[in-house]
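Here is the structure we will look at.
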Amino acid sequence: MGVPKHKVAKTKSRMRKSNSYYKVKPLAMSTCPNCGSLKLPHRVCPECGYYKGRQILTRVVQGE
Ligand SMILES: [Zn+2]
145 MGVPKHKVAK
155 TKSRMRKSNS
165 YYKVKPLAMS
175 TCPNCGSLKL
185 PHRVCPECGY
195 YKGRQILTRV
205 VQGE
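Per the working numbering: the sequence shown = residues 145 to 208.
Structure follows, in structure tokens:
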């Protein structure tokens, strides 16, 4: 619940904001259904280039 702003001392609100209030969440990861590697959710898999069951990126074959 919110507290009326005039009731909260400046130091109190500043102390609260200083710890864990605006901390960045750890990066969420999901696994690719195609190759099973970790990838960002709602992004094309960087390993195999699949998203939503179809190939979007084509891997550049090196050394050929
Ligand atoms: Zn993949």
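C-beta atoms are modelled at their ideal positions from N, C-alpha and C, and glycine is treated no differently.
In DSSP terms, what residue i is bridged to
i	result
R160	DSSP, once it has assigned bridges, lists no residue as partnering R160.
S174	K183
From the options, residue whose alpha carbon lies closest to that of residue i
i	options	result
H186	C192, C176 and G180	C176
### Query
What residues sit near ligand 2, counting only those whose C-beta is closer than 6 Å to one of its heavy atoms, in chain order?
The model depicted lacks ligand 2 and carries ligand 1 instead.
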